[in-house]
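Below: the structure, in C-alpha cells.
In our numbering, the protein residues as written are 9 to 141.
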C-alpha cells in the first residue's frame, strides 16, 4: 500500500474539502478516470482499484496512478475512554476534489479501458467518469 516514507509532522488536522481541482488534464496516457465529487480515498482503495485495472488490461496497456495518499488518519483503539490525546495513525488517505484525474491508461482498445475503469470505480468511494484527450 502507498504511504509516505517520512513526514515533517506525524499527525495532521482534518481540514476542509472545498473547491475544484486544477489538476484536471491528462498528462501521460490517452484515457483517464476523473472524479466528479468531493471525497477521500484510502491507500487500500487505490491499491484495490489498481489491481482490478491490471487484471482487466493485462499487457495491453500501461497504467499511471496520479494521486498519492499523503494525509494520515488517526483512530483511537476500541473501548478506550474519550480524552487522553489524539489516537495513533490508522490509515493514509488522499483528499479528492471534483475534476482530479485518479488513474491514466495508455491503450488502443477503448472497450477494454472502459471495462477496466468501471471495475476500478466500483472499488472507490466516490463517483467517477472516463475522460480522454
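A virtual CB, placed ideally from N, CA and C, is assigned to each residue, including glycine. Values in this document were obtained by computation on a predicted structure and should not be read as measured data.
Nearest-angstrom Cβ-Cβ length linking residue i and residue j, presumed shorter than 8 Å
i           : j           : result
residue 127 : residue 71  : Incorrect: roughly 12 Å between the Cβ atoms, too far for contact.
residue 40  : residue 111 : 7 Å
residue 52  : residue 9   : 6 Å
residue 58  : residue 73  : 6 Å
Residue of the options minimising C-alpha distance to residue i
i           : options        : result
residue 130 : 97, 43, 92     : 43
residue 31  : 119, 105, 114  : 105
residue 54  : 11, 120, 115   : 11
residue 2   : 90, 95, 36     : An answer regarding residue 2 cannot be provided, because it is not within the stretch 9 to 141 covered by the chain.
residue 77  : 49, 16, 29     : 49
residue 137 : 26, 45, 14, 63 : 45
residue 108 : 27, 18, 67, 56 : 27
residue 18  : 67, 88, 97     : 97
residue 29  : 132, 133, 103  : 103
residue 132 : 99, 88, 56, 38 : 56
residue 139 : 16, 14, 13, 38 : 38
Beta carbon of residue i nearer than 7 Å to that of residue j
i           : j           : result
residue 124 : residue 81  : no
residue 101 : residue 135 : no
residue 8   : residue 75  : The question about residue 8 has no answer, for the chain in this structure spans 9 to 141.
residue 95  : residue 83  : yes
Exposed unless 16 or more other CB atoms sit within 10 angstroms - verdict on residue i
i           : result
residue 121 : buried
residue 69  : buried
residue 86  : exposed
Discussion item. For the structure I just gave you, are there three or more beta carbon pairs, one from the region 18 to 34 and one from the region 113 to 122, closer than 8 Å?
Written reply: The region 18 to 34, when compared against the region 113 to 122, does not touch it at the 8 Å Cβ threshold.
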